[in-house]
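There are 2 protein chains.
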Amino acid sequence: MVTKGNVFDPNCPTRVILDRIGDKWTVLVVLLLRDGPLRFTELRDGIGRVAPKVLTQTLRRMERDGLVSREVFAEIPPRVVYTLTPMGASLIEPISVLTDWAETHMPAISKAQTQYDAV
Amino acid sequence: MVTKGNVFDPNCPTRVILDRIGDKWTVLVVLLLRDGPLRFTELRDGIGRVAPKVLTQTLRRMERDGLVSREVFAEIPPRVVYTLTPMGASLIEPISVLTDWAETHMPAISKAQTQYDAV
DNA sequence: CGCCAACGGTATCTATTGGTAACTGGCTAC
DNA sequence: GTAGCCAGTTACCAATAGATACCGTTGGCG
């Protein structure tokens with residue numbers, strides 16, 4: 001019996017979140033949008049090397065989850081602006097905890113890897 | 001310029017961590033091992049529906065990263081025990097923050113999803 | 001008028017990955 | 001003897017991630 005939610009049940013909603021976090025791009029999008037709304041190309045350029053298709057998928061998923069809002073301006077040239085919703089913004093904290101951990105332990109992990117590979 | 005490490009650089013080590021967290025099984029393994037060492041089958045049964053191949057992959061990767069240690073007892077029948085290293089144990093906190101967030105916001109996410117799908 | 005660029009994406013193809021099913025080898029229980 | 005446990009491995013398949021190319025609209029430029 002797991003008290004803190006049944007993460008071990010495949011149908012557990014927590015899994016959904018973890019899948020999103022693991023999405024590789026979701027986290028980057030959240031961090032990029034932390035300082036304000038951005039357009040599609042700004043996100044693409046900010047992330048670096050992302051296929052537009054994948055970025056679109058990520059953004060749609062995040063929109064569906066209520067993490068970002070998508071505003072289309074019917075201008076020429078078209079303009080689409082992505083903004084963090086309050087819920088999306090609340091993800092910044094957990095993510096920061098993770099990235100902090102990552103930065104702290106990265107040297108140890110690298111060391112462990114080289115040791116492991118040396119054997 | 002990103003002050004808290006350049007997560008946006010594809011070569012950034014933080015990415016490695018995020019990939020692990022996104023690993024879908026890594027998190028489960030950490031949570032299962034929180035209460036003490038477990039054997040391969042215990043992990044498999046605890047997670048529920050995991051192909052042994054995938055579990056092996058996950059555990060090898062975690063071993064390589066220095067998150068778990070693997071002990072083989074040359075007995076009959078063979079016995080292999082997996083234990084969280086101190087570094088692996090330190091991952092519990094960030095993960096808990098995430099799962100807490102997930103549980104808190106899950107209703108809102110579900111609602112957002114049904115709303116989105118209804119349109 | 002013809003050409004090109006900017007924007008926010010699609011369309012198509014390939015590579016990687018996650019996953020299933022079946023098997024291994026040494027033993028033990030029925 | 002044959003069925004099954006343990007900790008995986010091997011062969012194979014489906015779904016996904018990613019790279020590359022392309023689309024429609026319009027405005028500027030020659």
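Quick mapping for you: the protein sequence lines, in order, are chains A and B.
The first sequence maps to residues 1 to 119 in full-length UniProt numbering.
The second sequence maps to residues 1 to 119 in full-length UniProt numbering.
Glycine included, C-beta positions come from ideal geometry on N, C-alpha and C.
Q. Is it the case that the Cβ atoms of residue 105(A) and residue 87(B) are separated by a distance below 8 Å?
A. Translated into positions along the first sequence, residue 105(A) becomes position 105. Translated into positions along the second sequence, residue 87(B) becomes position 87. Their beta carbons are under 8 Å apart, which means residue 105(A) touches residue 87(B) by this criterion.
- Query: How should residue 50(A) be labelled, buried or exposed, when 16 other C-beta atoms within 10 angstroms of its C-beta is the threshold for buried?
  - Reply: Along the first sequence, one-based indexing puts residue 50(A) at 50. Within a 10 Å sphere around the beta-carbon of residue 50(A) sit 16 or more other beta-carbons, which makes this residue buried.
- request: Kindly indicate which residue of 17(B), 35(B), 39(B) has the alpha-carbon position closest to the one of residue 82(B).
  value: On the second sequence, position 82 is the one that residue 82(B) refers to. Nearest neighbour of residue 82(B) by Cα position, chosen from 17(B), 35(B), 39(B), turns out to be 39(B).
message = In the DSSP output, which residue or residues are listed as bridge partners for residue 82(B)?
response = Walking along the second sequence from the start, residue 82(B) turns up at place 82. In DSSP, residue 82(B) forms a bridge with 38(B), 70(B).
Between the beta-carbon of residue 67(B) and the beta-carbon of residue 91(B), is there less than 8 Å?
Here residue 67(B) corresponds to residue number 67 of the second sequence, with the count starting at 1. Here residue 91(B) corresponds to residue number 91 of the second sequence, with the count starting at 1. A contact, by the Cβ cut-off of 8 Å.
Could you tell me which chain B residues have their CB closer than 8 Å to the CB of residue 113(A), listed as they occur along the chain?
Here the question's residue 113(A) lines up with position 113 in the first sequence. 64, 65, 66, listed in chain order.
- Task: Please classify residue 102(A): is it buried, with 16 or more other beta-carbons within 10 angstroms of its beta-carbon, or exposed?
- Result: The residue you call residue 102(A) lines up with position 102 of the first sequence. Result: buried.
Check: Counting contacts by CB-CB distance shorter than 8 Å, is residue 92(A) in contact with chain B?
Finding: Your numbering for residue 92(A) matches position 92 in the first sequence. Among the residues facing chain B, residue 92(A) is not included, as its CB has no counterpart in that chain under 8 Å away.
Worksheet entry | Nearest-angstrom beta carbon gap, residue 114(B) and residue 14(A) [assumed within contact, 8 Å] | To locate residue 14(A), count along the first sequence from 1; it is residue 14. To locate residue 114(B), count along the second sequence from 1; it is residue 114. Actually they do not touch by this definition, with Cβ atoms about 18 Å apart.
Just checking my contact of residue 65(A) with residue 34(A) at CB under 8 Å: how many whole Å lie between their CB atoms?
-> Residue numbering aside, residue 65(A) sits at position 65 when the first sequence is read from its first letter. Residue numbering aside, residue 34(A) sits at position 34 when the first sequence is read from its first letter. Contact between residue 65(A) and residue 34(A) does not hold, since their C-beta atoms are separated by about 17 Å, which reaches or exceeds 8 Å.
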